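Visitor:
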Amino acid sequence: MPVEIHPSAGTDASMATHIENICQRNYVKYQLTCFTFSFPQLGTVLVQGYYRIDADLVLPIVRSNIEKQCDLIAKGMADKDDVVAHSLSNFQKKFSYFVKNIEMMDTLFEASFSPLTAGGKPWSKCGLSNRYLQLIQSKPQRLYNKNTEQVYNLPQGGSFKLWGGRVCPVEGCGFELSLFVVGAGKDQRSYPLCPNCYNNPRPEWGPAPSSKGLMTECPHADFHPVVAKLTLCDDEETNGVFILDPGSAPNNWRLVSTRSNFMLTFPSDVVHKLTVLSETDPACENHHLLQVEFHKGKAPPPLPSDTVTHKCYVLEDDAMQGIMEAKSGSNRPFGARRG
Numbered sequence: 042m043p044v045e046i047h048p049s050a051g052t053d054a055s056m057a058t059h060i061e062n063i064c065q066r067n068y069v070k071y072q073l074t075c076f077t078f079s080f081p082q083l084g085t086v087l088v089q090g091y092y093r094i095d096a097d098l099v100l101p102i103v104r105s106n107i108e109k110q111c112d113l114i115a116k117g118m119a120d121k122d123d124v125v126a127h128s129l130s131n132f133q134k135k136f137s138y139f140v141k142n143i144e145m146m147d148t149l150f151e152a153s154f155s156p157l158t159a160g161g162k163p164w165s166k167c168g169l170s171n172r173y174l175q176l177i178q179s180k181p182q183r184l185y186n187k188n189t190e191q192v193y194n195l196p197q198g199g200s201f202k203l204w205g206g207r208v209c210p211v212e213g214c215g216f217e218l219s220l221f222v223v224g225a226g227k228d229q230r231s232y233p234l235c236p237n238c239y240n241n242p243r244p245e246w247g248p249a250p251s252s253k254g255l256m257t258e259c260p261h262a263d264f265h266p267v268v269a270k271l272t273l274c275d276d277e278e279t280n281g282v283f284i285l286d287p288g289s290a291p292n293n294w295r296l297v298s299t300r301s302n303f304m305l306t307f308p309s310d311v312v313h314k315l316t317v318l319s320e321t322d323p324a325c326e327n328h329h330l331l332q333v334e335f336h337k338g339k340a341p342p343p344l345p346s347d348t349v350t351h352k353c354y355v356l357e358d359d360a361m362q363g364i365m366e367a368k369s370g371s372n373r374p375f376g377a378r379r380g
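The sequence shown begins at 42 in the working numbering and counts up by one.
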């Protein structure tokens, strides 16, 4: 009983029975020598699963709130029927939410107890534990932290590449970034991917793409910092943005839409490097300046052929418009140059 006592959490006369049950089910082990509990993998994964679906199922917040409401009833400051109705409604909603998201528990158990976990491929670093996450390549693909028993879902429908050790710039994240690659050959497109942010999107980044089924677009919302840093301009037709394809360097530079398969390619024998700059067009704040480095003697007209570096707004630049090639299932032009 002393182990269970916690401020505002209440106690239970049958607690000894509860403890005996979870010990028999191998969720915990009681250490007689030091009067403490240890947690086998089964118990750890179970708690992680509950926490992942609804943290309130693990933390003492719900029970603590009910205890406080009971105190108010005893003091005549709350109506018993109202408290009971509110509590039952809350539990009903939590149960429905838990059932709706039970696949999160299934995924975690599958990753933790499947023999495939042992053969997972060391992939990128976790920003929380600083340990390598394992890439589980069986469907559905996911990342697994064997030290914390945490599973990170991944977008399905493409492949993954490491991105040179780059780290997510979101404050408090710090996960190593990967590339999510869709398409094949010359139609291949790649998008930045942070496993933590993909599983925990924030409202300020904008509407997150659906994680159901196969994904063929950018897995992050357009205002995610790592996407924003690559953004050149808006894609008005799809309500997305055009970004510099992070996987296109160094020999196949291209711009890709975050919400469609539309892309713009540049001849590799002409363009040596592209860089999106922070400076924006005074007449269009979402149109960023692009720095272009040409191969020696290859600058397109009307630029002098010996031009090495050229800064421009692509939507209105004759030299760049003249060498861009659009690829997609649509015949739409890129942008609309101002006269």
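Quick reminder that beta carbons are idealized off the backbone N, C-alpha and C, glycines included.
Keep in mind the model is a prediction, meaning the values are calculated, not measured.
1. How is the beta strand (DSSP E) around Gly363 delimited, first residue to last?
2. Is the CB-CB distance between Tyr354 and His328 below 7 Å?
3. Below 8 Å on the Cβ atoms is my guess for Lys162 versus Gln175; work out the distance and round it to an integer in Å.
4. Tell whether a beta-carbon distance below 7 Å holds between Gly247 and Asp228.
5. So what does DSSP say about Gly51, is it helix, strand or coil?
6. Quick check on the burial criterion: 16 or more other C-beta atoms within 10 angstroms. Buried or exposed for Arg172?
7. What do you get for Ser289, buried or exposed, if any count of 16 or more other CB atoms within 10 angstroms of its CB means buried?
8. What's the C-alpha gap between Lys141 and Glu190?
9. Among the residues of its own chain, which have a CB less than 6 Å from the CB of Ala340, if the five just before and after it don't count?
10. Just how far apart, CA to CA, sit Gly51 and Leu113?
11. Can you tell me the Cβ-Cβ gap for Gly84 and Met145, rounded? I've got them flagged as a contact below 8 Å.
12. Measuring CB to CB, does Trp294 end up less than 7 Å from Phe303?
13. Inspect the beta-carbon positions of Pro236 and Phe221 and report whether they are closer than 7 Å.
14. Threshold first: 3 residues or longer. Then list the beta strand (DSSP E) segments lying entirely within the stretch 241-265, N to C.
15. At what residues does the beta strand (DSSP E) containing Tyr92 begin and finish?
16. Would you identify the three-state DSSP class for Arg66, choosing helix, strand or coil?
17. What did DSSP end up calling Thr321 once you bin it into helix, strand or coil?
18. Near Met365, what residues of its chain come up, given a Cβ to Cβ distance below 6 Å and the 5 sequence neighbours on each side ignored?
19. Is the Cβ-Cβ distance between Val103 and Asp97 less than 7 Å?
20. I'd like to know whether the C-beta atoms of Glu334 and Thr350 end up nearer to each other than 7 Å.
21. Can you tell me where the alpha helix (DSSP H) holding His351 begins and where it ends?
22. Can you round the beta-carbon distance between Pro196 and Pro242 to whole angstroms, since I take them to be within the 8 Å contact cut?
23. Of the residues Pro291, Ala269 and Asn292, which one's Cα is nearest the Cα of Val282?
Guide: Here's the rundown:
1. Looking at the DSSP string, Gly363 is not in any beta strand (DSSP E); the run it does join, the alpha helix (DSSP H), is Asp359 to Ile364.
2. yes
3. 6 Å
4. no
5. Low per-residue confidence applies at Gly51: pLDDT is 49, beneath 50, and the placement is therefore not dependable enough to give any value.
6. exposed
7. buried
8. 22 Å
9. Ser346 and Thr348
10. In this predicted model, Gly51 has a pLDDT of only 49, less than 50, meaning its place in the structure is not dependable; the value taken from the coordinates is given anyway. If you take the alpha carbons of Gly51 and Leu113, they lie about 15 Å apart.
11. About 17 Å separates the two Cβ atoms, so there is no contact after all.
12. no
13. no
14. none
15. First-last for Tyr92: Gln82 to Ile94, but that is the alpha helix (DSSP H), not the beta strand (DSSP E).
16. coil
17. strand
18. Leu305
19. yes
20. yes
21. Careful: His351 lies outside any alpha helix (DSSP H), inside the beta strand (DSSP E) at Thr350 to Cys353.
22. Not quite, the Cβ-Cβ distance comes to about 12 Å (not below 8 Å), so this is no contact.
23. Ala269
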